[in-house]
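In terms of this note's numbering, the sequence shown has 91 at position 59, counting the first letter as 1, and numbering is strictly consecutive. Contents: one structure, followed by commentary.
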Amino acid sequence: MSSFRLGASRVARQVRAPCVRNTRRYASDSHGPADHAHSTAGHEEHHHHHHHSVNEELGTAFYVTFGAIPVFGALYYVSQPGKDGQPNKVTKWWQQWEEHSEKLANQNALMTATLDQAAHDKHLFYYADQLRSGHYEMRYPELLQHGSARNVPAGTYIRMDKVVELYRKQHLDEEERKAKKLAVAN
33 MSSFRLGASR
43 VARQVRAPCV
53 RNTRRYASDS
63 HGPADHAHST
73 AGHEEHHHHH
83 HHSVNEELGT
93 AFYVTFGAIP
103 VFGALYYVSQ
113 PGKDGQPNKV
123 TKWWQQWEEH
133 SEKLANQNAL
143 MTATLDQAAH
153 DKHLFYYADQ
163 LRSGHYEMRY
173 PELLQHGSAR
183 NVPAGTYIRM
193 DKVVELYRKQ
203 HLDEEERKAK
213 KLAVAN
């Protein structure tokens with residue numbers, strides 16, 4: 033393709049050469065009598081015309097097109113099922129990825145449960161005296177009645193007195209059981 037273009041550009045140059053053209057001369061290009069006083073070596077140095085290369089490089093589309101052929105061939109090869117109906121390589125890879133992500137999810141769940149238990153224990157140690165008095169310090173009490181205070185129809189929010197009393201009773205029973213267990217151990 034490029035050899036054809038080279039040949040075509042040579043033919044075009046040869047056809048153009050005998051044609052007389054009126055070229056526009058700019059002030060910077062004009063050579064007055066003072067310019068001709070230079071030697072021939074200076075004159076050659078002054079006129080250094082660079083011809084642009086006629087060779088054209090292959091474009092991005094060429095490389096993308098011919099690069100896609102082996103990529104699609106590899107994708108076709110990988111997507112073919114194995115012998116005796118075994119799953120293909122992509123399916124095997126996907127199953128390994130799912131097993132790994134399930135393992136990470138289990139580890140994260142265990143870590144979260146451990147951290148929650150540690151926070152609960154820390155909360156018990158810091159507020160043990162308040163718990164005995166019946167005062168419960170909640171991290172975020174508004175969570176129980178979370179919602180907008182405006183445009184709420186009557187009867188939407190339920191009374192939490194019974195729920196608070198139930199958990200207070202459960203807590204006191206648990207504390208009493210622990211105290212008995214400690215008394216027996218001592």
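Glycine included, every Cβ here is placed at the ideal spot set by N, Cα and C.
Query                                                            : Result
Contact check, V122 vs S133, beta carbons under 7 angstroms      : no
Three-way DSSP call (helix, strand, coil) for Y159 in this model : coil
Distance between G114 and N87 (C-alpha atoms, nearest Å)         : 48 angstroms
Rounded separation between A145 and Q202 - CA only               : 21 angstroms
Alpha carbon of D161 to alpha carbon of D153, nearest angstrom   : 14 angstroms
Rounded C-alpha distance that separates V195 from T188           : 16 angstroms
Alpha helix (DSSP H) segment containing T92, residue limits      : T92 to S111
Pairwise C-alpha distance: K124 and L136                         : 18 angstroms
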